[in-house]
Amino acid sequence: MKRVAILFVCLALFGASVFWIITIPKKTDPREIAGLQPDLEQGAAVFIAGGCASCHAAEKAEGEAKLILTGGRAFPSDFGTFYAPNISRDLENGIGHWSAIDLVNAMRHGTSPKGKHYFPAFPYGAYKNATLQDIVSLFAYLMTLPAASDQNRPHDVKFPFDYRRSLGGWKFLFQKSDWVLENTPTPEIERGRYLVEALGHCGECHTPRSALGGLDLSRWLGGAANPAGKGEVPNITPGKLNWSDADILAYFTTGFTPDFDTVGGHMVDVVDNLSMMPQADLNAIIAYLNAVPAVTGK
Amino acid sequence: MIKKIAFGAAGLAIAATTVFAASHANSPFAGAIKARQAHMQLYAHNIGILGAMAKGAVEYDSIAATAAASNLAALSLLSQAGYWPQGSDAESVEGSEALGAIWKNYGDVSEKSGALVEASQMMVGAAGSDLASLQDAMKELGGACGACHKSYRKPQS
Numbered sequence: 298m299k300r301v302a303i304l305f306v307c308l309a310l311f312g313a314s315v316f317w318i319i320t321i322p323k324k325t326d327p328r329e330i331a332g333l334q335p336d337l338e339q340g341a342a343v344f345i346a347g348g349c350a351s352c353h354a355a356e357k358a359e360g361e362a363k364l365i366l367t368g369g370r371a372f373p374s375d376f377g378t379f380y381a382p383n384i385s386r387d388l389e390n391g392i393g394h395w396s397a398i399d400l401v402n403a404m405r406h407g408t409s410p411k412g413k414h415y416f417p418a419f420p421y422g423a424y425k426n427a428t429l430q431d432i433v434s435l436f437a438y439l440m441t442l443p444a445a446s447d448q449n450r451p452h453d454v455k456f457p458f459d460y461r462r463s464l465g466g467w468k469f470l471f472q473k474s475d476w477v478l479e480n481t482p483t484p485e486i487e488r489g490r491y492l493v494e495a496l497g498h499c500g501e502c503h504t505p506r507s508a509l510g511g512l513d514l515s516r517w518l519g520g521a522a523n524p525a526g527k528g529e530v531p532n533i534t535p536g537k538l539n540w541s542d543a544d545i546l547a548y549f550t551t552g553f554t555p556d557f558d559t560v561g562g563h564m565v566d567v568v569d570n571l572s573m574m575p576q577a578d579l580n581a582i583i584a585y586l587n588a589v590p591a592v593t594g595k
Numbered sequence: 019m020i021k022k023i024a025f026g027a028a029g030l031a032i033a034a035t036t037v038f039a040a041s042h043a044n045s046p047f048a049g050a051i052k053a054r055q056a057h058m059q060l061y062a063h064n065i066g067i068l069g070a071m072a073k074g075a076v077e078y079d080s081i082a083a084t085a086a087a088s089n090l091a092a093l094s095l096l097s098q099a100g101y102w103p104q105g106s107d108a109e110s111v112e113g114s115e116a117l118g119a120i121w122k123n124y125g126d127v128s129e130k131s132g133a134l135v136e137a138s139q140m141m142v143g144a145a146g147s148d149l150a151s152l153q154d155a156m157k158e159l160g161g162a163c164g165a166c167h168k169s170y171r172k173p174q175s
């Protein structure tokens, strides 16, 4: 009997240590970015392609106001409501006290400067594939934008999801380090993959999720329930999307659908960004969308 | 038992009356909603002519493009005062996609409709000159339509 008890305690300790080890927040060695020179123009392009303002600017911000990254926008989900933080260069309430490596750790590992896990409402599952050069340039660009003193609103997350350490388990299960589309036959498709899978984080809304919030990669970009409530986010794989390349390009640049209605919902902000991107990048996105496996239904 | 049935019947009657009243109350707005949606349809049809040229589905034709753009410009100047009676928002009336925010932000709504007037007048000039100008003006036009839909139309999907 005593032996059984000892065995049980040992197993429990073992389980706890495994949990502890796999849930350690990861970081990148600062030496990896030591030689990288930021390029502000590139940083501005990453800012647009990454859609930073779509979540971090104030709710109704338009035009220049989109460069003021006050945060505060609410994102309801099955796990609770997340509030985008202030990522302006304000020293007290923003990220003015960060250095480039902090942004690398945030975007690639979902780890805060204090070594805590971020909730995956912040799409580090996509940004993990952003290049170090792009992140270093983005950081320099962010530091040129206006400071805003708005205080962060704490997330309203339900138990047990509010226990941050457990997010290490989420990352262990769902944070994959490779690309979804393994083969990129042309440089254009490869560029498109970078824009869609990494910076653009399109899969975050267009791919369905499991009960635990992990992406169902077998239905990549195959359409999903709208986390904000009613309706569906559409399937944009060749299995469903029957728009011509010209239709998609027109949609990206003008916001008009093929029947000349306009873009709706959160996609309005996305099209705002797309319309500012170079046409070669838009063509790359289209080439990528034509190359992903067709998902049927939805 | 009889009492219960009587209560039940009364409840049903009240429910039925309410439903009837609600649907009946909608009818004064039906015409206005139809009118404004038809107006949007006229925009879409004319933008469709320009858009088909912009994306190369149809060959550029300056006369047809100018005609469509002039229609847009004319449409954007029509008074819509009678289209938007108070209480005809999506929350209150079935078939409406208009958000109640419209009636709380007159200033912003008229600013945004001013942007459409400007964008369609720009399009008149662009449509008659060449394809590249038309394509550029489509961005402006899309932005003007989208800005209003983003703030004041019920999200659809």
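Residue numbers (my numbering), protein chains in the order written: chain A, 298 to 595; chain B, 19 to 175.
Ideal Cβ placement from N, Cα and C applies to all residues, glycine included.
| Asked | Found |
| --- | --- |
| Looking at chain A, which residues of the stretch 160 to 173 of chain B have a Cβ within less than 8 angstroms of any of its Cβ atoms? | Gly160, Gly161, Cys163, Gly164, Ala165, His167, Lys168, Ser169, Arg171 and Pro173 |
| Sorted by chain position, which residues of the same chain lie with C-beta nearer than 6 angstroms to Leu30(B)'s C-beta, five sequence neighbours on each side aside? | Below a pLDDT of 50, predicted positions are generally treated as unreliable, and Leu30(B), at 46, falls in that range; no measurement from the model is reported. |
| Flag this pair as yes or no: are the beta carbons of Ala145(B) and Ala87(B) separated by less than 8 angstroms? | yes |
| Given a threshold of 16 other Cβ atoms within 10 Å of its Cβ, counted over all protein chains shown, does Ala302(A) qualify as buried or as exposed? | exposed |
| Tyr78(B) lies in the beta strand (DSSP E); which residues open and close that run? | Looking at the DSSP string, Tyr78(B) is not in any beta strand (DSSP E), and its letter there is neither H nor E. |
| Work out the CA separation of Ala162(B) and Lys130(B) for me, nearest whole Å. | 7 angstroms |
| Contact check, Leu68(B) vs Ser94(B) under 8 angstroms by CB: the rounded distance? | About 14 angstroms separates the two Cβ atoms, so there is no contact after all. |
| If the cut is a Cβ gap below 8 angstroms, which residues of chain B does Leu546(A) touch? | Lys73 |
| Between the stretch 553 to 577 of chain A and chain B, which residues of the former have a C-beta closer than 8 angstroms to a C-beta of the latter? | Phe553, Asp556, Phe557, Asp558, Thr559, Val560, Gly561, Gly562, Val565, Val568 and Ser572 |
| Pull up the CB-CB distance for Gly66(B) and Phe557(A), whole angstroms please, since I reckon it's below 8 angstroms. | 5 angstroms |
| Can you find a C-beta in chain A that's less than 8 angstroms from the C-beta of Ile65(B)? | yes |
| Taking 8 angstroms as the cut-off, decide whether the C-beta atoms of Ala588(A) and Leu514(A) are in contact. | no |
| Could you name the residues of the same chain whose beta carbon sits closer than 8 angstroms to that of Val592(A), not counting the 5 residues immediately before and after it, in chain order? | Arg516, Trp517, Leu518, Gly519, Gly520, Asn532, Thr534, Gly536 and Lys537 |
| Helix, strand or coil: how does DSSP classify Leu512(A) here? | strand |
| Kindly indicate which three-state DSSP category Ala331(A) falls into: helix, strand or coil? | coil |
| Compare the C-alpha of Ala155(B) against each of Ala119(B), Tyr101(B), Gly143(B) and Ala85(B) and name the closest. | Gly143(B) |
| Which bits of chain A does Gly143(B) rub up against, with CB to CB less than 9 angstroms? | Chain A residues near Gly143(B): none, gap ~17 angstroms exceeds 9 angstroms. |
| If contact means a Cβ-Cβ distance below 8 angstroms, which residues of the stretch 345 to 374 of chain A contact chain B? | Lys357 and Glu359 |
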